[in-house]
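The block underneath contains the structure these notes are about, expressed in structure tokens.
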Amino acid sequence: MSHFTLRPTPDAVLRRARLSTEVEQAGSFASPPAGAHELWRAAEFEGSFARARDGLFRWDVQRGAGLKVLADGPVRVGGTVVVGLHLGPVWALAPSRVIAVVDDDEAAGFTYATLPGHPELGVEEFMLTRVGDRVRFELHAVSTQATVPARLAPPVARWVQSVVTDRYLRAAADIAAGR
0 MSHFTLRPTP DAVLRRARLS TEVEQAGSFA SPPAGAHELW RAAEFEGSFA
50 RARDGLFRWD VQRGAGLKVL ADGPVRVGGT VVVGLHLGPV WALAPSRVIA
100 VVDDDEAAGF TYATLPGHPE LGVEEFMLTR VGDRVRFELH AVSTQATVPA
150 RLAPPVARWV QSVVTDRYLR AAADIAAGR
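Put into structure tokens, the structure is as follows:
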């Protein structure tokens, strides 16, 4: 079931997503399937690694990118999140499950995989690393289109993914800087 709607019901989508045992992955970062789109972006900025880490694990990077976020708590392995993107009169609701977390003095981040109903089929990683007194934020996604709207307009789906990814980078820099 696709979650493109005129009236968002993220609570209902989150309830359904929590019940899902089927994590949909379009391969992995090591061996993406044929035809998968791979996206890499990175930025390095001044600011507090600890502040960036805390914001990342509270879903503030997604919120700072202009997305509506409903999660069953902070980032943790097995945690479920639904992010919503307002596209004109339509909302795209995207459920995902956290499948890996890194959290130490030099790196912090997570990977989530799409759940049924997500417009994309794939995995996405958000990783912060300490680089001296700076913070590096890397995003890596491997995906294919999972829904009819995304399949009908792949260039639009890729453009939306690219715009949101750029917003993630700006949001992380703002959080690290305390803005």
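0 is the number of the first residue of the sequence shown in numbering that gives the first Met the number 0; add one for each residue after it.
Yeah, the Cβ is synthetic: ideal placement off N, Cα and C, and Gly gets one too.
What you are looking at is a predicted structure, and each value in this text was computed from that prediction instead of being measured.
Neighbourhood of residue i by C-beta, 6 Å cutoff - its chain only, sequence neighbours within 5 removed
| i | result |
| --- | --- |
| Gly46 | Val134, Ala175, Ala176 |
Residue i to residue j span [Cα, whole Å]
| i | j | result |
| --- | --- | --- |
| Gly83 | Leu92 | 4 Å |
| Asp173 | Arg129 | 16 Å |
| His85 | Val159 | 11 Å |
| Gly116 | Gly131 | 41 Å |
| Ala171 | Ala99 | 19 Å |
| Glu137 | Pro88 | 31 Å |
| Ala106 | Leu127 | 6 Å |
Residue from the options whose Cα sits closest to the Cα of residue i
| i | options | result |
| --- | --- | --- |
| Trp39 | Leu120, Thr143, Phe125 | Phe125 |
| Ala33 | Ser142, Ile98, Trp158 | Ser142 |
| Val101 | Gly121, Val68, Asp53 | Asp53 |
| Arg62 | Leu138, Phe44, Val81 | Val81 |
| Arg166 | Ala49, Ala107, Val60, Arg50 | Val60 |
| Gly121 | His139, Leu55, Gly87, Glu43 | His139 |
Whole-angstrom C-beta distance between residue j and residue i, which should lie under 8 Å
| i | j | result |
| --- | --- | --- |
| Arg96 | Gly72 | With a Cβ gap of about 13 Å, Arg96 and Gly72 do not count as contacting. |
| Arg157 | His36 | 6 Å |
Own chain, CB closer than 7 Å to residue i, minus 5 neighbours either side, in chain order
| i | result |
| --- | --- |
| Arg57 | Pro73 |
| Arg75 | Val97, Val100 |
Short CB-CB distance (under 9 Å) between residue i and chain D
| i | result |
| --- | --- |
| Tyr111 | In the displayed structure, chain D is absent; only one protein chain is listed. |
Open item on the list: Which complete beta strand (DSSP E) runs does the stretch 62-113 hold, if anything under 3 residues is left out?
Closed with: 67-70, 79-86, 89-102, 106-113
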